[in-house]
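K.L.:
With the first letter of the sequence shown counted as 1, position 21 gets the number 28 in the working numbering; the numbers rise by one all the way through. No residue lacks a Cβ here, since even glycine has one placed at the ideal position from N, Cα and C. The model shown is predicted, which means the values in this text are computed figures rather than measured ones. One structure, pasted below without further comment.
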Amino acid sequence: MTVILTPPSPELRLLVSLASWTWPGTSPDGREAAHILITHTPAFTGPDAVEAVEARMRRLSDSLGGLTGPREPVPDLDRCLQIVGDQVLMHFPGAARTLRLPTRRPWTELVARTGEAVLLLGLDPLPQTADAARLDTYLDDALAADRLLFGRARTR
């Protein structure tokens, strides 16, 4: 008997509870790179909120094929980015809806030119209203605590 295991697709309620940011930057080797950060919004409360958010984000990682920690090789994900005019959409396998990423022209042009973006998936919540300083602090803290997962998202 052959069993084929497929990662579960993200639920609609998870997709609508996500926050995302995009920015152009540099890769560790000094090349120009587009970045995407996706986190959960801090909607959960209660004693198990931290564990519930992390579990949801890890399921999201699994649906994309499995992201890795910062000290591991960054995996290439299935072609999950689609550029439609000035919009960039992120597709999750098996999900009926896409995530519309926040964009600015230089970032979108970089994704179109390189065909990829570095995806950072934060295991801790962060509100969509976070400003640049709070975002930088979040990234520094999450990286130091090993609370970021990485992947290379490609265009369709």
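Report back the beta-carbon spacing between L88 and R141 to the nearest angstrom; my notes put them in contact at under 8 Å.
P.N.:
Contact doesn't hold; Cβ gap of about 25 Å is too wide.
K.L.:
Is the number of C-beta pairs between the segment 100 to 114 and the segment 137 to 151 that are closer than 8 Å three or more?
P.N.:
Counting Cβ pairs under 8 Å, fewer than three are found: no touch.
K.L.:
Between the beta-carbon of F157 and the beta-carbon of T48, is there less than 8 Å?
P.N.:
Taking 8 Å as the Cβ cut-off, F157 and T48 do not qualify as a contacting pair.
K.L.:
Got a sec, what are the start and stop residues for the alpha helix (DSSP H) R63 sits in?
P.N.:
R63 -> alpha helix (DSSP H) spans A56 to S70.
K.L.:
Any C-beta of chain B sitting closer than 8 Å to the C-beta of T162?
P.N.:
Among the chains in the structure shown there is no chain B, since it carries only a single protein chain.
K.L.:
Do you know offhand how far D138's Cα is from R163's?
P.N.:
If you take the alpha carbons of D138 and R163, they lie about 30 Å apart.
K.L.:
Would you kindly work out how many angstroms separate the C-alpha atoms of W28 and D55, rounded to a whole number?
P.N.:
Going from the Cα of W28 to the Cα of D55 covers about 26 Å.
K.L.:
In terms of alpha-carbon separation, which member of Q135, E79, T115 and R78 lies closest to Q94?
P.N.:
Cα-wise, what sits closest to Q94 is T115.
K.L.:
Kindly give me the distance between the Cβ atoms of P31 and P113, rounded to whole angstroms, as I take these residues to be in contact under 8 Å.
P.N.:
Going by Cβ atoms, the distance from P31 to P113 rounds to 6 Å, so yes, they are a contact pair.
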